Amino acid sequence: MQFALVTSEALMDLELYRSFTQRLRARLETDTRVLGLVAVGSMAELGRTPDTWSDHDFFVITVPGAQESFRQDLGWLPDSEHIVLKVRETAHGLKVLYDDGHLLEFAIFDEAELHLAKVNDYRVLFDRTRLEAGLSHLRTKSAAEASSVDVERSFALFLSALLVGAGRTARGEVLSGSSFIKQHALGHLLRILTHRAPTESQTRLDNLDPFRRFEREFPDQGRTLHHLLLLEPGHCARQLLSFAEEQLAHRMERYPARAVQVIRNQLESWGGTV
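So, in structure tokens, the structure goes:
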């Protein structure tokens, strides 16, 4: 299998991408153990067209008892002889890499297990068992869970992650400290910011991952945050705190100003070591 490039640097050939999708569908449709195939993410092509960085994301729904055989034997995938890496990521899902660098991310469920998934964009490619109602409910449930952000709790977790990260950095545990500051703390902050975004922006963001497409909707904030992530961990923590205060102090009903000041004092007291 080879996905040709339109130019030396640009988009994956969309025809070849769709050809892979069609061949995958055709192979699975001939197997009576398969009840349905669902494209998710950019593979669903709902408002977003796959590009050179897109992988294939999908669910395969099988009859009960057949799931594990599909996870173990990947001969049902197109061009399976070109697979160079496969890894079991979850109880139900795998990542598969082809020798041209193309990645698949998929999960195998029976109908009873499908409720375990989370989904936003999806498109049913074929269906022998009326999956649409269950998937629609799943999307609604996923959206409801994503939108039920406890802002005060998330902000408290943001503050504590900054403190833990800065403390570990000061101790010399720079990798762990950096992870708390630049991943955990930032993740909590982004959940708050995306939760408070206008409705039209929320529809374009990824409600399953607050990091996704943030800078497209909020380019100024995105550039600022990217710049902060390039700083040393301790400096990043102090600047993230200032950024969060600028964004949220006037917008949160119960902004914990005293706690913020305590965190700021602690971060600044460690300023020479982080």
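In my numbering, each residue's number is its place in the sequence shown (first place is 1) plus 4.
In this text, a Cβ means the ideal position worked out from N, Cα and C, and glycines have one as well.
Bear in mind that the values here come from a model prediction, so they are computed numbers and not experimental data.
Three-state secondary structure assigned by DSSP to Phe2: Any answer about residue 2 is impossible in this case: the structure gives the chain only from 5 up to 278.
Paired residues, beta bridge with Asp61 - DSSP: For the purposes of this step, residue 61 is taken as residue 57 along the sequence shown, with counting starting at 1. Paired residue(s): Glu109.
The alpha helix (DSSP H) enclosing Tyr259, as first and last residue numbers: On the sequence shown, residue 259 is found 255 positions in, with the first residue counted as 1. Where Tyr259 is concerned, there is no enclosing alpha helix (DSSP H), given that its DSSP letter is neither H nor E.
Spatial neighbours of Leu139 in its chain, beta-carbon cut-off 8 Å, leaving aside the 5 residues before and after: Here residue 139 refers to the residue found at position 135 when the sequence shown is read from its first residue. Only Val42, Leu118, Val123, Tyr126 and Val128 meet the Cβ criterion.
Cβ neighbours of Lys58 in the same chain (closer than 6 Å, five flanking residues each side left out): The residue you call residue 58 lines up with position 54 of the sequence shown. This sequence places Ser at residue 58; Lys is not what is there. So the list reads Ser46, once near-sequence residues are dropped.
Local Cβ density within 10 Å of Asp104, reported as buried at 16 or more and exposed below that: Residue mapping note: residue 104 aligns to position 100 of the sequence shown, counting from 1. Exposed.
Beta-carbon separation (whole angstroms), Ile267 vs Leu161, contact threshold 8 Å: Translated into positions along the sequence shown, residue 267 becomes position 263. Translated into positions along the sequence shown, residue 161 becomes position 157. That belief does not hold up - the Cβ atoms of Ile267 and Leu161 are roughly 12 Å apart, past 8 Å.
Status (buried if at least 16 other CB within 10 Å, exposed otherwise) for Thr203: Along the sequence shown, read from residue 1 onward, the residue named residue 203 stands at position 199. Note that Thr203 has pLDDT 49, beneath the 50 cutoff, so the model's placement of it is unreliable and the number below is only indicative. Exposed: under 16 other Cβ atoms inside 10 Å.
Pairwise C-alpha distance: Trp274 and Asp55: Within the sequence shown, residue 55 is the residue found at index 51, counting from 1. Within the sequence shown, residue 274 is the residue found at index 270, counting from 1. Rounded to the nearest angstrom, the two C-alpha atoms are 44 Å apart.
Cβ shell of Ser205 (< 7 Å), same chain only, five flanking positions each side left out: One-based indexing of the sequence shown puts residue 205 at position 201. Residue confidence is low: Ser205 scores 49 on pLDDT, short of 50, so the model does not pin down where it sits. Its coordinate-derived value is still stated next. Closer than 7 Å at Cβ, skipping near neighbours: Glu221.
Cβ-based neighbour list, Arg37, same chain, cut-off 6 Å, excluding 5 preceding and 5 following: By 1-based counting over the sequence shown, the position of residue 37 is 33. Close CB contacts of Arg37 within its chain, under the 6 Å cut and outside five residues either way in sequence, are with Thr66, Val67 and Ala70 (chain order).
Backbone secondary structure at Arg268 - three-state DSSP: Translated into the one-based positions of the sequence shown, residue 268 becomes position 264. Arg268: helix per DSSP, three-state reduction.
Whole beta strand (DSSP E) elements within the segment 33-98, 3-residue minimum: If you keep only unbroken beta strand (DSSP E) runs of at least 3 residues inside the segment 33-98, you get 38-44, 60-66 and 87-92.
For Leu166, three-class secondary structure by DSSP: Numbered from its first residue, the sequence shown carries residue 166 at position 162. It is helical.
Touching by the beta-carbon criterion (3+ pairs, under 8 Å), the segment 231-247 and the segment 180-190: yes
Extent of the continuous beta strand (DSSP E) to which Phe305 belongs: This structure cannot settle anything about residue 305, because the visible part of the chain is limited to 5 through 278.
Test item: CB-CB of His96 and Ile112 under 8 Å: What you label residue 96 is simply residue 92 of the sequence shown in a count that begins at 1. What you label residue 112 is simply residue 108 of the sequence shown in a count that begins at 1. Taking 8 Å as the Cβ cut-off, His96 and Ile112 qualify as a contacting pair.
Beta-ladder partner(s) of Val100, from DSSP: Position 96 of the sequence shown, counting from 1, holds the residue named residue 100. Partner(s): Lys90 and Leu108.
Same chain only: Cβ atoms within 7 Å of Asp3, ignoring 5 sequence neighbours per side: One cannot answer for residue 3 here, as it falls past the ends of the chain, which runs 5 to 278.
Through-space distance from Asp61 to Val44, alpha-carbon basis: Here residue 44 refers to the residue found at position 40 of the sequence shown. Here residue 61 refers to the residue found at position 57 of the sequence shown. In a straight line, the C-alpha of Val44 is about 5 Å away from that of Asp61.
Residues sharing a beta bridge with Asp114, DSSP: Here residue 114 refers to the residue found at position 110 of the sequence shown. Partner residues in the beta bridge of Asp114, as assigned by DSSP, are Thr66.
Distance, Ala263 Cα to Gly191 Cα: Taking the first residue of the sequence shown as position 1, residue 191 is located at position 187. Taking the first residue of the sequence shown as position 1, residue 263 is located at position 259. Going from the Cα of Gly191 to the Cα of Ala263 covers about 19 Å.
Neighbourhood of Leu50 by C-beta, 6 Å cutoff - its chain only, sequence neighbours within 5 removed: Along the sequence shown, one-based indexing puts residue 50 at 46. So the list reads Asp125, once near-sequence residues are dropped.
Through-space distance from Leu252 to Phe110, alpha-carbon basis: Sequence index remark: in the sequence shown, residue 110 carries index 106 (1-based). Sequence index remark: in the sequence shown, residue 252 carries index 248 (1-based). C-alpha separation (whole angstroms): 38 Å.
Three-state class that DSSP yields for Lys122 in the structure shown: Residue mapping note: residue 122 aligns to position 118 of the sequence shown, counting from 1. Correct three-state label for Lys122: coil.
Euclidean distance between Cα positions of Arg134 and Glu19: For this step, residue 134 is matched to residue 130 along the sequence shown. For this step, residue 19 is matched to residue 15 along the sequence shown. Going from the Cα of Arg134 to the Cα of Glu19 covers about 29 Å.
Where Arg195 falls: helix, strand or coil (DSSP): Position 191 of the sequence shown, counted from the first residue, corresponds to residue 195. Reduced to three states, the DSSP call for Arg195 is helix.
Cβ neighbour criterion (16 or more within 10 Å) applied to Thr198: Residue 198 sits at position 194 when you count from the first residue of the sequence shown. It is buried - the Cβ of Thr198 has at least 16 other Cβ atoms within 10 Å.
Closest Cα partner of Arg27 within the set Val64, His106, Ile196 and Asp83: For this step, residue 27 is matched to residue 23 along the sequence shown. Minimum Cα distance to Arg27 is reached at Asp83.
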